[in-house]
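Colleague:
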Amino acid sequence: MRSCAARSIATGLMLTIPLLANSAAHRLDLPASVQQGALVIGHAEANASVQFDGRALHVGKDGTFVFGVGRDAPPKAQISVEYSDHSKRSVSLGVIKREYHIERVDGLPQHTVTPDPELSARIEREQAAVAETRKRDDEREDFLGGFELPIHGRISGVYGSQRIDNGTPKSAHMGLDVAAIEGTPIHAPAPGIVIFAATDLVLTGGTVLIDHGFGLSSSFLHMSKLDIKVGDHIERGQVIGNVGKTGRASGPHMHWGFNWFEQRLDPALLPGVQLK
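According to mature numbering (1 follows the signal peptide of the UniProt record, and there is no 0), the residues represented by the sequence shown are -23 to -1, 1 to 253, in order.
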């Protein structure tokens, strides 16, 4: 059960969303358009069935549903709803294309671009374990109170940017980086349950995933210390660990990623997050 305050905040968030479709008979509230990388919070009727691009979504007791549009999502997203009287409606949500920073770096030693087979195999295993964790799906609604920035500081990395090393495209940067002194406490952006915690991953070092319900999760990478363990219930603002530069990191910073299942979303676009 979430608190009355959380309910009020969630209601306030919903009221700020433009209505794409709303009728007295059957409710369907959505923004008219969203950016690539956005979390979308919609509202239908509590007993409705909602699908996003053919995928069934959880619908909360108050009709809330969520989904995410990825970094390279196409211009239209399809939302379909079936109500308790078996009537149906379908709407297309416009997705605004974003321009991402691309950095090309040539002349690097090739062994730094392509790791040896043994290390590559370990990286693949670790990434597969994290990806499997992101598939967790339950009906908790810890996200309804909105989110807050885990630490404040200089933004040193943005969502969607990408490097091309020696002509080889590297994975896009799927999160928000905030530069900070090593050891700075990191605070949970919203309540949730710890579903992954490891200290020594090759690429991401100290790594934590917190599940917020409905397929939404936060990822924290390169941490120097973890103060939580798998299964812990976390409150908003609780210290989960410290900023570090573990794994492949050029300096101490907080990396915050946000996920809707396999889709990697932009934390800067989350409701309640204010960048300074």
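Glycine included, every Cβ here is placed at the ideal spot set by N, Cα and C.
Determine the extent of the alpha helix (DSSP H) in which T110 is found, giving its start and end residues.
Modeller: Looking at the DSSP string, the run of the alpha helix (DSSP H) that includes T110 is P94 to T110.
Colleague: Between which residues of its own chain and Y60 is the CB-CB distance below 7 Å, once the five residues before and five after are set aside?
Modeller: Counting only Cβ-Cβ distances below 7 Å, and skipping sequence neighbours, we find H3, E22 and A25.
Colleague: I'd like the list of long-range same chain contacts for S57, defined as Cβ closer than 6 Å, with 5 residues on each side in sequence excluded.
Modeller: These residues qualify, in order along the chain: Q28 and S67.
Colleague: Nearest-angstrom Cα distance between Y136 and K65?
Modeller: Each residue's alpha carbon lies about 36 Å from the other.
Colleague: Using only CA atoms, which one of W233, D204, A15 and G40 lies nearest to P248?
Modeller: The option with the nearest alpha carbon to P248 is A15.
Colleague: Would you list the one or two residues that DSSP bridges to L252?
Modeller: DSSP, once it has assigned bridges, lists no residue as partnering L252.
Colleague: Go through its chain and collect everything with a Cβ distance to G192's Cβ below 6 Å, but skip five positions before and after it.
Modeller: Around G192: D114, W237 and F238.
Colleague: Let's see if you can read the secondary structure: which residues bound the beta strand (DSSP E) around H78?
Modeller: Per DSSP, H78 belongs to no beta strand (DSSP E) and is neither H nor E.
Colleague: Please list the terminal residues of the continuous beta strand (DSSP E) segment that includes N219.
Modeller: Run containing N219: V216 to N219, per the beta strand (DSSP E) assignment.
Colleague: Could you name the residues that DSSP lists as bridge partners for E59?
Modeller: E59 is bridged to S26 and K65.
Colleague: Report all residues from its chain with a CB closer than 6 Å to the CB of G45; omit the five preceding and five following residues, and keep chain order.
Modeller: Within the same chain, G45 has close Cβ partners L16, W237, Q240 and L242.
Colleague: Go ahead and label D119 buried or exposed: buried means 16 or more other beta carbons lie within 10 angstroms of its beta carbon, across all protein chains shown.
Modeller: So D119 ends up on the buried side.
Colleague: Rounded to whole angstroms, what is the Cα-Cα separation between I128 and P162?
Modeller: About 8 Å.
Colleague: With distances taken from CA atoms, which of V185, R81, H78 and Q55 is nearest G71?
Modeller: Comparing Cα positions, the closest option is Q55.
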